[in-house]
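Before any comments, here is the structure.
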Amino acid sequence: MVQRIVTIRNRAGMHARPAALLVKTASGFASQIYIEKDSERVNGKSIMGVITLGATFNTPLTIIADGPDEVQAVDAIEKLFERRFEEE
Amino acid sequence: MAQQQKEKFLVLDLLQLDLRENDALNLSCIGGRPGLIREISVTEINRPGLELGGFYENFAWQRIQILGRGENAFLQKLAREKRREELSKLFTFAIPCCVFTHSLTPTADFTDIAEKAQCPILQTDLSSSEFTMRILRVLSTIFAPKKTLHGVLVEVFGIGVLLLGDSGVGKSESALSLIERGHRLIADDAVEIRRVSGNILMGTGAQVVSHHMEIRGLGIINITHLFGVGAIRDKKRIQLVVQLEFWNEEKSYDRIGAEEATMDILGVHVPCVTVPIKPGRNIPVIIETAARNERLKKMGYYSAREFNRNVMNWLEGESTREIFLNEK
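Chains A and B supply the protein sequences, listed in that same order.
Residues 1 to 88, numbered by my numbering, are exactly what the first sequence covers, in order.
Residues 89 to 416, numbered by my numbering, are exactly what the second sequence covers, in order.
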């Protein structure tokens, strides 16, 4: 299992477009992927779940992956956060 | 109305069109029968008043010539000799046909000269204006740009939905299921599409096979007989395209629906959704929902956009709250 803490850098926060991008990336991996905010944990492959977190600008989130390609999955998702989901 | 665009449209074809109610032209041929093989090549019409008066500049002889009460009265007022002279001149042009409205009957010499020139004389009981409106509508449909697509056209909640996809993907089966749920079939397999009035796409089925479907394992079935007249429709405007395809693991499908994809048919952009097929997915229900959603969009409500607006407002609220709390 791999865990990593990331921060949301795009001002608009986790709305539908970034959430779709995250879910699309996560769905490309075989591992189980979860996103955690405070104590709330959602499935990283579910759009509605990811939006429900209500992750705003500068919120720290934990990415958790468990499975055969866990490291690659976490790397790929972290990259999305670094690139601000191609926004701004 | 099964003429191919490249095929010639003859006066005879005009007489044989199956038009009903307020499309009916009520035409009959009252003279010049051999001329029924003349071709109609333009959508416009002409009232030959000026020409009967002897003025032939810019005479649109390729058009159908409509003679109403005015033209007829003028001809009757002309002296016999003068009339023969004018009519002989008129019929030196290869006019496709002359139409007398109000059930008017031409004078004997008119029929005589027209017959010699092999120009068909048609008669209708409609008024000139009404006939003009109807014939223009009919001709513009006949000469409209057209195309045949392999798919199924169904009406779902009043929306014309064109189902497209490779053979065997389940277009006909989905359509059958929709009919069973109370929706209507317009055409199966080959859908003839015409672009009328600029940007309206009208879909119909081929006359011979209309309202029959081929279902693998059952063969050819007659929808009208099996489900009744409520289950069919002759033509319908195409307002939504549903592209069915086998689920492709490599491809990512639209998860939000905020971006609107369209498909170009005869230069008209039609909203298009791609629905992947997989065991356990109830395709008819998805198509019904797509049609409902399309109706909402027509009313100005975009589910996906409204949803995201709510999310953004909520995130913004959370954001300000956090800033406020942190400052304290």
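For every residue, glycine included, the Cβ atom is placed at its ideal position computed from N, Cα and C.
C-beta neighbour in chain B for residue i, strict 8 Å
i, result
"K37 (chain A)", "no"
"V23 (chain A)", "yes"
"F57 (chain A)", "yes"
"A30 (chain A)", "no"
"G67 (chain A)", "no"
"G13 (chain A)", "yes"
"I47 (chain A)", "yes"
"I51 (chain A)", "yes"
"A16 (chain A)", "yes"
Cβ neighbour criterion (16 or more within 10 Å) applied to residue i
i, result
"N381 (chain B)", "buried"
"H15 (chain A)", "buried"
"D276 (chain B)", "buried"
"R269 (chain B)", "exposed"
"G158 (chain B)", "exposed"
"V363 (chain B)", "buried"
"V244 (chain B)", "buried"
"V358 (chain B)", "buried"
"I5 (chain A)", "exposed"
"S255 (chain B)", "exposed"
"S191 (chain B)", "exposed"
"V373 (chain B)", "exposed"
"Q327 (chain B)", "buried"
"G246 (chain B)", "exposed"
"H313 (chain B)", "exposed"
"E412 (chain B)", "For clarity, residue 412 (chain B) is Phe in the given sequence; the question names Glu instead. F412 (chain B) should be labelled exposed."
"Y341 (chain B)", "exposed"
"I308 (chain B)", "exposed"
Contact belief for residue i with residue j at Cβ below 8 Å, rounded distance in angstroms
i, j, result
"L403 (chain B)", "G44 (chain A)", "So it is not a contact: roughly 18 Å between Cβ atoms."
"D69 (chain A)", "S31 (chain A)", "5 Å"
"L354 (chain B)", "L289 (chain B)", "7 Å"
"A65 (chain A)", "V2 (chain A)", "5 Å"
"P194 (chain B)", "I209 (chain B)", "6 Å"
"I375 (chain B)", "K324 (chain B)", "At roughly 15 Å, the Cβ-Cβ gap does not stay under 8 Å, so I375 (chain B) and K324 (chain B) are not in contact."
"S260 (chain B)", "I303 (chain B)", "6 Å"
"T52 (chain A)", "E410 (chain B)", "Contact doesn't hold; Cβ gap of about 17 Å is too wide."
"V284 (chain B)", "A263 (chain B)", "Wrong, their Cβ atoms sit about 24 Å apart, outside the cutoff."
Contact with chain A by residue i, beta-carbon distance below 8 Å
i, result
"L403 (chain B)", "yes"
"N396 (chain B)", "yes"
"S391 (chain B)", "no"
"Q93 (chain B)", "With a pLDDT of 47 at Q93 (chain B), under the threshold of 50, the predicted position of this residue should be treated as unreliable, though the coordinate-derived value follows. Chain A contact via Cβ: absent."
"R343 (chain B)", "yes"
"E415 (chain B)", "no"
"S340 (chain B)", "yes"
"V399 (chain B)", "yes"
"S265 (chain B)", "no"
"L107 (chain B)", "no"
"M89 (chain B)", "Low local confidence applies: a pLDDT of 42 at M89 (chain B) is under 50, so the model's placement there is unreliable, and no value is given."
Range of the contiguous beta strand (DSSP E) that encloses residue i
i, result
"F81 (chain A)", "Counting along the chain, F81 (chain A) falls outside any beta strand (DSSP E), though it belongs to the alpha helix (DSSP H) covering E70 to E82."
"L210 (chain B)", "I209 to Q211"
"H357 (chain B)", "V356 to I365"
"D66 (chain A)", "P60 to D66"
"K324 (chain B)", "K323 to R325"
"M351 (chain B)", "T350 to I353"
"V130 (chain B)", "Element bounds for V130 (chain B): n/a, residue is neither H nor E."
"N401 (chain B)", "Element bounds for N401 (chain B): not the beta strand (DSSP E) but the alpha helix (DSSP H), S391 to E415."
"T7 (chain A)", "V2 to T7"
Endpoints, the alpha helix (DSSP H) within which residue i is located
i, result
"V297 (chain B)", "It is not in any alpha helix (DSSP H) - V297 (chain B) carries neither H nor E in the DSSP assignment."
"I247 (chain B)", "Run containing I247 (chain B): none in the alpha helix (DSSP H); it sits in the beta strand (DSSP E), I247 to L252."
"I47 (chain A)", "I47 to T52"
"D101 (chain B)", "V99 to Q104"
"I288 (chain B)", "Run containing I288 (chain B): none in the alpha helix (DSSP H); it sits in the beta strand (DSSP E), I288 to G293."
"S262 (chain B)", "K259 to E268"
Any C-beta of chain E under 8 Å from that of residue i
i, result
"E348 (chain B)", "Chain labels in this structure do not include chain E; the protein chains are A and B."
- Using 8 Å as the Cβ pair cut-off and three pairs as the minimum, do the region 365 to 382 of chain B and the region 395 to 402 of chain B touch? no
- Say whether the region 233 to 243 of chain B touches the region 279 to 292 of chain B, bearing in mind that this needs 3 or more beta-carbon pairs closer than 8 Å, one atom from each stretch. yes
- Message: Does the contact criterion of 3 or more C-beta pairs under 8 Å hold for the region 255 to 269 of chain B versus the region 303 to 320 of chain B?
- Response: yes
- Does the count of Cβ pairs from the region 161 to 170 of chain B and the region 119 to 136 of chain B closer than 8 Å reach three? no
- Segment contact flag, the region 101 to 111 of chain B with the region 221 to 228 of chain B, C-beta cutoff 8 Å, min 3 pairs: yes
- Query: So does the region 292 to 302 of chain B actually touch the region 197 to 215 of chain B, counting three or more Cβ pairs closer than 8 Å?
  - Reply: no
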